[in-house]
Structure formats: structure tokens, C-alpha cells
């Protein structure tokens, strides 16, 4: 069903949240207009994370910043995103703005790309507890890399999307070990997210 701006704000209100962050959804690709319009209408309450093309220019970034965007998302799991191959290039472009890079990836990729992430000139936020199946366990090298990035102050992680990584289904108790292990690694680098409206 359609996820309206009013419904999103209502969800925040119902949870007692005074502020929120809109993350550009995959189905809209790099067309950030819907999100930007909402940000402008609620500049005191909302910020945004955009998806931009590799050749985004300073003017477009400045416009997004003025609207309330504070990060870019790199999505390698679903269509409509931009890939890891442009991560360093985008990081260099957004670093002067103080933005972060948000990564929607499978943490099993981290042993390969973790060293690159550790050297980026921006903050990094990893979506959905690393979006790898909990059946892989907290001893998996990818999960260990995620914990290392948190402990070293090189990344943040979202405690969100439990339904995406659970093997057991609702109420997703099998994901608790992941959440607790991330909190044990760096509680001050864990952020909660609703993942509403669950489009994928």
C-alpha cells in the first residue's frame, strides 16, 4: 500500500520520536524528489539520506544539503542503487559537507571491503545489522569485521530489519544474538531504525 508522508509522521508520533531520517528507497533510484519535498516541508523534524549518481556535481549536492540531506546510500543488494565501486569517489565528494555513507550490503562482503571502509574520509553507517543471515552466526568473519569497524570508530550500525535476516520468522528472536553482539562491541555506535514502510 502507499506509504504517505502523513503515515510516516504518524508512525514517528506513535513511537514518541521527535525527529526522523528518511532514507531514499531503492525503487526510486537516484530520483530523490519525493524525499526532498518531504524534508522541505518538515525541515525542523526530518533529515534525509539520498541516492546519487557517480557523476553528481557540487551544485546538486549543495541543493540536497540545503533540503536537509546528510548522507548518501550505497545499495548493492537491490535494484535502483549505486555500487561499491563508487564508494571512495562519493566519499571524497561528500566529505566536505560532513555527510556519511550508508551501506546496504551483506556483511559477508566486509572481509574484502572492510579495509577500504576503514580508510574513508566520512562516517559510515551499515544498514540492518549487516543484512547477512543470522544462521551465519556472530563468529562469521564478516560479522567480526563489522564489530571491528564499530570498535575502531570507523562505522555505525543500524539495529533494524530483523525480519530481513531472521531464519525463524516473527517475533525474530533468532536475531537477538546479532543485536547483543553489536551492542557489546560499541553501544554508542548502534542506532535504531524502523525500516518503515518495508518496501522490500
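Numbering (the working numbering), first residue to last: 10 to 209. Glycine included, each C-beta is placed from N, C-alpha and C at the ideal position. None of the values given here were measured: they were computed from a predicted structure.
Tell me the DSSP bridge mates of residue i?
i           : result
residue 132 : 109
residue 83  : 112
residue 59  : 81
residue 199 : 166
residue 93  : Beta-bridge pairing links residue 93 to no other residue.
residue 29  : 55
Classify residue i as buried or exposed, calling it buried when 16 or more other Cβ atoms lie within 10 Å of its own Cβ.
i           : result
residue 119 : buried
residue 102 : buried
residue 50  : exposed
residue 114 : buried
residue 201 : exposed
residue 151 : buried
residue 96  : buried
residue 64  : exposed
residue 191 : buried
residue 73  : buried
residue 170 : buried
residue 123 : buried
residue 116 : buried
residue 125 : exposed
residue 62  : exposed
residue 148 : exposed
residue 19  : exposed
residue 175 : buried
residue 45  : buried
residue 140 : buried
Taking 7 Å as the line, does the beta carbon of residue i fall inside it for any heavy atom of the ligand NAP?
i          : result
residue 55 : Here there are no bound small molecules, and the ligand NAP is not part of this structure.
Give the C-beta separation of residue i and residue j to the nearest angstrom, bearing in mind that I take them to be a contact with Cβ-Cβ under 8 Å.
i           : j           : result
residue 133 : residue 159 : That belief does not hold up - the Cβ atoms of residue 133 and residue 159 are roughly 10 Å apart, past 8 Å.
residue 155 : residue 143 : About 13 Å; that fails the 8 Å criterion.
residue 48  : residue 76  : 5 Å
residue 130 : residue 179 : That belief does not hold up - the Cβ atoms of residue 130 and residue 179 are roughly 40 Å apart, past 8 Å.
residue 79  : residue 109 : 7 Å
residue 163 : residue 127 : 5 Å
residue 145 : residue 168 : Going by Cβ atoms, the distance from residue 145 to residue 168 rounds to 17 Å, so no, they are not a contact pair.
residue 208 : residue 36  : 6 Å
Cβ contact check for the stretch 58-71 and the stretch 30-41: 3 or more pairs under 8 Å: Contact between the stretch 58-71 and the stretch 30-41 is present, because at least three Cβ pairs lie under 8 Å.
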